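What follows is a set of notes on a single structure, which appears directly below.
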Amino acid sequence: MFAPALRRAVFETTTRVPTTTTSILPPAFLLPFSHRAPITTVSHSLETGNVAEPLLHSGQHISSGLKEAIASRPTSQTASSTTPSPAFTSVPYGQQSLQVRTITPQIRQLLPLLRAQSAHYITVHIHGRPYLLTQGDTLRLPFLMKDVQPGDILRLNRATHIGSRDYTLKAPATVKGTRDSPKQVFYLDERLFVCRATVVGTELEPERVKEKTKRRQRHVRHVRSQHRYTVLKISQVEVRSLEEYDELVMKEQGRKGKARRNADASEELAEVAA
171 MFAPALRRAV FETTTRVPTT TTSILPPAFL LPFSHRAPIT TVSHSLETGN VAEPLLHSGQ
231 HISSGLKEAI ASRPTSQTAS STTPSPAFTS VPYGQQSLQV RTITPQIRQL LPLLRAQSAH
291 YITVHIHGRP YLLTQGDTLR LPFLMKDVQP GDILRLNRAT HIGSRDYTLK APATVKGTRD
351 SPKQVFYLDE RLFVCRATVV GTELEPERVK EKTKRRQRHV RHVRSQHRYT VLKISQVEVR
411 SLEEYDELVM KEQGRKGKAR RNADASEELA EVAA
């Protein structure tokens with residue numbers, strides 16, 4: 171049934187006289203496959219000789235509009251875009267340690283009362299872990315502290331609480347971290363107190379034996395381990411007076427001013443030499 175229709179269509183197109191510039195061929199779906207998609211003889215190998223010249227340099231083509239935009243861009247913007255990005259960025263869920271370097275009038279009023287009462291306690295942080303201590307306590311750290319020897323005196327300057335029987339000086343509350351901002355831990359100003367610890371030595375725990383086995387096997391492997399811990403003795407816990415605090419603040423400001431003056435002098439010498 172399809173053959174007579176095809177024959178009739180071909181006969182009509184050949185006998186009809188074309189009145190316009192349109193093609194006299196039948197519709198495309200009636201033509202053979204060879205007329206629909208002409209066969210090419212171009213090789214598809216990876217040799218550059220078989221590829222047309224415009225295709226070889228197609229990746230290097232830049233439009234005129236893009237060239238004008240690049241030429242009109244200021245030099246400062248192009249220089250900033252070419253500078254490498256910093257290697258280290260802020261890590262989400264990290265921790266940031268901050269010290270409160272100012273005291274309020276209320277702290278100035280109550281600090282002498284806190285200093286007058288003896289037997290102070292303090293909450294110090296060592297490697298992010300809090301320890302509630304008083305003078306004379308012995309602290310066994312849950313790790314082996316490196317680069318210390320028995321007899322060394324350590325200054326513990328990260329504290330969140332220091333108090334007595336009736337008064338307590340606290341640091342601001344910890345700000346919980348989010349995906350965008352790290353966790354912020356606030357500590358007391360180290361110029362308000364003195365906490366020193368003496369390294370007593372190291373302690374070796376009893377030997378631990380752990381049995382390891384695999385399912386459906388009779389062999390049992392015994393793993394033996396012994397950990398060493400550093401032992402500290404708290405030798406001093408003291409709250410400084412307001413006079414000592416103000417003296418330390420003045421000394422620190424004097425050192426900063428001297429360093430600033432030295433930096434300005436070095437810059438002037440460099441300008442004169444240039």
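Using our numbering, the letters of the sequence shown map in sequence onto residues 171 to 444.
Just so it is clear, CB atoms sit at the ideal spot from N, CA and C, and this is done for glycine as well.
In this text the structure is predicted, and so the values were computed from the model without any measurement.
Simplified DSSP assignment, three categories, for glutamate 377
In the sequence shown, counting from the first residue as 1, residue 377 sits at position 207. DSSP, reduced to helix, strand and coil, places glutamate 377 outside both helices and strands of the structure shown, so it counts as coil.
Got a sec, what are the start and stop residues for the beta strand (DSSP E) isoleucine 323 sits in?
Numbered from 1 along the sequence shown, position 153 holds the residue referred to as residue 323. For isoleucine 323, the enclosing beta strand (DSSP E) has its first and last residue at 323-325.
Which listed residue (Glu381, Arg410 and Ile292) has its alpha carbon closest to that of valine 393:
Position 223 of the sequence shown, counting from 1, holds the residue named residue 393. The option with the nearest alpha carbon to valine 393 is Glu381.
Within 10 Å of its beta-carbon, does alanine 367 have 16 or more other beta-carbons around it, so buried, or fewer, so exposed?
What you label residue 367 is simply residue 197 of the sequence shown in a count that begins at 1. A buried status is given to alanine 367, since no fewer than 16 other beta-carbon atoms sit within 10 Å of its beta-carbon.
Roughly how many whole angstroms lie between the Cα atoms of serine 405 and threonine 348?
For this step, residue 405 is matched to residue 235 along the sequence shown. For this step, residue 348 is matched to residue 178 along the sequence shown. Computed Cα separation, rounded: 38 Å.
Cut-off 8 Å between Cβ atoms - residues of its own chain near leucine 362, not counting five sequence neighbours on either side:
Here residue 362 refers to the residue found at position 192 when the sequence shown is read from its first residue. Taken in chain order, the residues that qualify are Ile273, Leu281, Ile332, Leu339, Val409, Arg410 and Tyr415.
In this structure, what does DSSP give as the bridge partners for leucine 339?
Against the sequence shown, residue 339 aligns to sequence position 169. Residue pairing of leucine 339 in beta bridges, as defined by DSSP: Ile332.
Does DSSP put proline 300 in a helix, in a strand, or in coil?
Along the sequence shown, one-based indexing puts residue 300 at 130. Three-state result, proline 300: strand.
Measuring CA to CA, which of Gln305, Leu303 and Pro376 is closest to phenylalanine 399?
In the sequence shown, counting from the first residue as 1, residue 399 sits at position 229. The sequence as given places tyrosine at residue 399; phenylalanine does not occur at that position. Tyrosine 399 has its Cα closest to that of Pro376, out of Gln305, Leu303 and Pro376.
Secondary structure of lysine 353, DSSP reduced to three states
Here residue 353 refers to the residue found at position 183 of the sequence shown. Lysine 353 falls in the strand class under three-state DSSP.
What residue range does the alpha helix (DSSP H) around isoleucine 277 cover?
If you number the sequence shown from 1, residue 277 lands on position 107. Start and end: 275-286.
If you draw a straight line from the C-alpha of valine 369 to the C-alpha of proline 275, how long is it?
Indexing the sequence shown from 1 puts residue 369 at position 199. Indexing the sequence shown from 1 puts residue 275 at position 105. Rounded to whole angstroms, the gap between the alpha carbons of valine 369 and proline 275 is 37 Å.
In three-state terms, what does DSSP make of glutamine 247?
Within the sequence shown, numbered from 1, the residue matching residue 247 stands at position 77. Note that glutamine 247 scores 49 on pLDDT, short of 50, meaning its location in the model is unreliable; the coordinates nonetheless yield the value given after this. If DSSP states are grouped into helix, strand and coil, glutamine 247 belongs with the helices.
Let's test the definition: count the other Cβ atoms within 10 Å of the Cβ of histidine 290 and tell me whether it reaches 16, buried, or not, exposed.
Here residue 290 refers to the residue found at position 120 of the sequence shown. So histidine 290 ends up on the buried side.
Look at the Cβ atom of aspartate 359, then the Cβ atom of glutamine 269, and state whether they are nearer than 8 Å.
Translated into the one-based positions of the sequence shown, residue 359 becomes position 189. Translated into the one-based positions of the sequence shown, residue 269 becomes position 99. In this structure, aspartate 359 lies near glutamine 269, with their beta-carbon atoms less than 8 Å apart.
Considering Cα atoms alone, identify which of Thr344, Arg386 and Ala286 is closest to alanine 329.
As a working mapping, residue 329 is identified with position 159 in the sequence shown. For alanine 329, the nearest C-alpha among the options comes from Thr344.
Let's test the definition: count the other Cβ atoms within 10 Å of the Cβ of valine 294 and tell me whether it reaches 16, buried, or not, exposed.
The sequence position of residue 294 within the sequence shown is 124, counting from 1. The residue in question, valine 294, is buried, as its Cβ has 16 or more Cβ neighbours within 10 Å.
Please go through the same chain and pick out, in chain order, the residues whose beta-carbon is closer than 6 Å to the beta-carbon of leucine 418, but skip the five residues on each side of it.
Your numbering for residue 418 matches position 248 in the sequence shown. Correct list, in chain order: Arg361.
8 Å Cβ cutoff, alanine 241 in contact with chain C
In the structure shown, chain C cannot be found, because there is only a single protein chain.
In the DSSP assignment, the alpha helix (DSSP H) including valine 407 goes from what residue to what residue?
Locating residue 407 in the sequence shown gives position 237, counting from the first residue. Run containing valine 407: none in the alpha helix (DSSP H); it sits in the beta strand (DSSP E), 398-409.
Can you tell me whether DSSP reads alanine 367 as helix, strand or coil?
Taking the sequence shown and counting its residues from 1, one reaches residue 367 at position 197. Correct three-state label for alanine 367: strand.
Can you say whether isoleucine 323 is buried or exposed, counting buried as having 16 or more other CB atoms within 10 angstroms of its CB?
The residue given as residue 323 occupies position 153 in the sequence shown. With fewer than 16 other Cβ atoms within 10 Å, it is exposed.
Less than 8 Å between C-beta atoms, sequence neighbours within five positions excluded: which residues of the same chain meet that for aspartate 307?
Counting from one through the sequence shown, the residue named residue 307 turns up at place 137. Lys403 and Ile404.
Taking aspartate 312 as the reference, give the member of Gln305, Pro320 and Ile296 with the closest Cα.
As a working mapping, residue 312 is identified with position 142 in the sequence shown. The identity of residue 312 in the sequence shown is proline, whereas the question assumes aspartate. For proline 312, the nearest C-alpha among the options comes from Ile296.
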